[in-house]
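Comments concern the structure below.
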Amino acid sequence: MKRIHFYLLITSGMCPVALISSDFHLITQPKSYDDAKTYCRHFYGDLATVHNLSDVNHLMASALNDSTRAWIGLENGRVWRWHWSQPDQILDYVNWGPGEPQNKSRDGCAAMDGRGRWFESDCAALRSFLCQGVGGTGGYTLVGEAKSWRDAQLHCRDLLSDLVSVRSAETNEAALRASASQTVWIGLFKDPWRWSDGSPASFRHWKPSQPNYLEGQDCVATVFSDQGKWNDLRCGRRRHFVCRGENLILIRENLTWIQALSYCRKNHVDLVHITTRDVQEKVAAIAKNSTSPHVWIGLRYTCLFNFWFWATSAPGCYQNWAPGQGPQRDYGCRVTGAVQATGGQQWVGLPDGERLNFICSACAG
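Heads up: the sequence shown is residues -20 to -1, 1 to 345, going by mature numbering (1 follows the signal peptide of the UniProt record, and there is no 0).
Dropping the structure here:
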């Protein structure tokens, strides 16, 4: 499959937010946590969910000189649940020892004993630990130096891996062999934090000694001056905040692709670019209300070099081409991208002179 290449074209227009990535938006109008959540849900999708270190890096890279704390979408749900340290891993296998876990309403971490049974432990205890996937392999690496659970997690992540996830009897046995029958930390932890958008994302990026669970500190902010690490804080304090999602507007006027592009850049931000499944689903929902059979999006084809690109900077590799469309096919010149208004609502290439409805990405407010 041919790669989609992305080129940066200069666009005009001012927006009252700082764009952090294709779907992160730093809002510099201070609000309480609840008011920030309401704002994000109205104009974007929700307060930001942070899935991994890549998301943290996107936040930090575009925070410019902002040294404030900004709300993200993590809040205290007051129900303690177990999660794997590796992002987006489902807890579908357990091997607790007798009387475990202890099911106390407090943070906890899981260790494996010399027989492969798991037990709940104080996360500050010092133990050896297993990292998974060091050096790009799927194997387990025993680290003999005793560390707390969080320090062990940081050690593994510094090796571009993570604490081990054990998701079957077979992997439990493999982890036991790798541990040399020592008691070791595994990547399971318990906390009460949940994401505002309902995501099961288990990634955590706390500052040292955080969260401290002081009274009323039930909401979380990212601290730009401290590598984007997190702090639990009182929810009523007015702060900057980070939304995640696209603010999109359907224009039910039939224009050519160039006219649509000019309209979006003059009146909003740009023709929409689709870099994730979430954005695709939002575009699909909006496109159903169009008055044309297809809807222009910000994709363009170059017949000189024979590839597709977004007409604005758009990181990511997400694609949703209809059968027979996209990089597998050679088009003539002056072809641009559209999304089907009905049916599978996939992407197609059409002559840029056709007149269609279109979707603009827009500033909030």
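Note that CB positions come from ideal geometry on N, CA and C, so glycine has one too.
Beta-carbon within less than 7 angstroms of Ser179's beta-carbon, same chain only, minus the 5 sequence neighbours each way: which residues are those? Thr29.
Take Gly216 and list the residues in its own chain whose beta-carbon comes closer than 7 angstroms to its own, dropping the five residues that flank it on each side. Hits under 7 angstroms: Ser12.
Same chain, Cβ closer than 7 angstroms to Arg335, five either side skipped, listed in chain order: Hits under 7 angstroms: Asn234, Leu235 and Thr236.
Below 6 angstroms CB to CB, which residues in the same chain sit around Thr316 once its five sequence neighbours on both sides are set aside? So the qualifying residues of the chain are Trp237, Arg280 and Asp332.
Which residues does DSSP list as the beta-bridge partners of Ala91? Note: Ala91 sits in a beta bridge opposite Phe99 and Trp165.
Let me know the secondary structure DSSP gives Ile7 once reduced to three states. For Ile7, the three-state secondary structure derived from DSSP is strand.
Taking DSSP as the reference, what is the three-state secondary structure of Ser341? Here Ser341 sits in strand by DSSP.
Should Glu261 be labelled buried (16 or more other beta-carbon atoms within 10 Å of its own) or exposed? Per the 10 Å Cβ criterion, exposed.
Name the residue from Cys313, Val222 and Val203 whose alpha carbon lies nearest to the alpha carbon of Leu284. Residue Cys313 holds the alpha-carbon nearest to the alpha-carbon of Leu284 among Cys313, Val222 and Val203.
What runs of the beta strand (DSSP E), each 3 residues or longer, lie entirely inside the stretch 199 to 277? Within the stretch 199 to 277, the complete beta strand (DSSP E) runs of at least 3 residues are 199 to 203, 209 to 213, 219 to 224 and 228 to 235.
Three-state class that DSSP yields for Asp142 in the structure shown: In the three-state DSSP reduction, Asp142 falls in the strand class (E or B).
With a threshold of 16 other CB atoms inside 10 Å of the CB of Thr292, please say whether the residue is buried or exposed. By the neighbour-count rule (16 or more Cβ atoms within 10 Å), Thr292 is buried.
Have a look at Ser(-9) and Trp186 and give me their C-alpha separation to the nearest angstrom. In this prediction, Ser(-9) has a pLDDT of 28, which is less than 50 and means its spatial position is unreliable; what the coordinates show is noted afterwards. Distance between the alpha carbons of Ser(-9) and Trp186 is about 38 angstroms.
Find the nearest neighbour of Tyr298 within the set Val200, Ser189 and Ile254, judged by alpha-carbon distance. Ranking the options by Cα distance to Tyr298, first place goes to Ile254.
Is the Cβ-Cβ distance between Gln66 and Ser108 less than 8 angstroms? No, the Cβ-Cβ distance between Gln66 and Ser108 is not below 8 angstroms.
How many angstroms separate the CA atom of residue 368 from the CA atom of Trp51? Nothing about residue 368 can be reported from this structure: the residues present for the chain run from -20 to 345 only.
Go ahead and label His220 buried or exposed: buried means 16 or more other beta carbons lie within 10 angstroms of its beta carbon, across all protein chains shown. Classification of His220: buried, given that the 10 Å Cβ count is 16 or more.
Do the stretch 79 to 95 and the stretch 165 to 174 make contact, defined as three or more Cβ pairs closer than 8 angstroms? Yes, since at least three Cβ pairs between the stretch 79 to 95 and the stretch 165 to 174 fall closer than 8 angstroms, the two stretches touch.
Is it the case that the Cβ atoms of Glu226 and Asp3 are separated by a distance below 8 angstroms? Annotated as proximal: Glu226 and Asp3, with beta-carbon spacing under 8 angstroms.
Span of the beta strand (DSSP E) holding His63? Note, His63: beta strand (DSSP E), Arg49 to Trp64.
Give me the Cβ distance between Ile339 and Val259, rounded to the nearest whole Å; I'm assuming they're in contact under 8 angstroms. About 10 angstroms separates the CB atoms of Ile339 and Val259; that is not less than 8 angstroms, and the two are not in contact.
Could you name the residues of the same chain whose beta carbon sits closer than 7 angstroms to that of Ser159, not counting the 5 residues immediately before and after it, in chain order? For Ser159, the CB contacts under 7 angstroms within the same chain, skipping 5 residues up- and downstream, are Met92, Leu110 and Leu122 in chain order.
Check whether Asn211 and Val203 have beta carbons under 8 angstroms apart: A contact, by the Cβ cut-off of 8 angstroms.
Over the uninterrupted beta strand (DSSP E) stretch that includes Thr121, give me the two end residues. For Thr121, the enclosing beta strand (DSSP E) starts and ends at Tyr120 to Lys127.
Is any non-hydrogen atom of the ligand PLP found closer than 7 angstroms to the C-beta of His5, if you look at the structure I gave you? Among the ligands in the structure shown, none appear at all, so the ligand PLP cannot be discussed.
In angstroms with no decimal places, state the Cα-to-Cα distance between Arg49 and Arg218. It is roughly 10 angstroms from the alpha-carbon of Arg49 to the alpha-carbon of Arg218.
Start and end of the alpha helix (DSSP H) containing Leu33? Leu33 -> alpha helix (DSSP H) spans Leu33 to Ala41.
Residues of its chain near Leu330, where Cβ-Cβ distance is below 6 angstroms and the 5 sequence neighbours each way are ignored: Ala318, listed in sequence order.
Sheet register partners of Phe289 (DSSP bridge): Its beta-bridge partners are Arg280.
Reduced DSSP secondary structure (H/G/I, E/B, other) of Cys(-6): Residue confidence for Cys(-6) is low, a pLDDT of 40 falling below 50, so the modelled location carries little weight and cannot support an answer.
So, for Gly124: in the same chain, excluding its five sequence neighbours on each side, which residues have a beta-carbon less than 6 angstroms away from its beta-carbon? Counting only Cβ-Cβ distances below 6 angstroms, and skipping sequence neighbours, we find Ser108.
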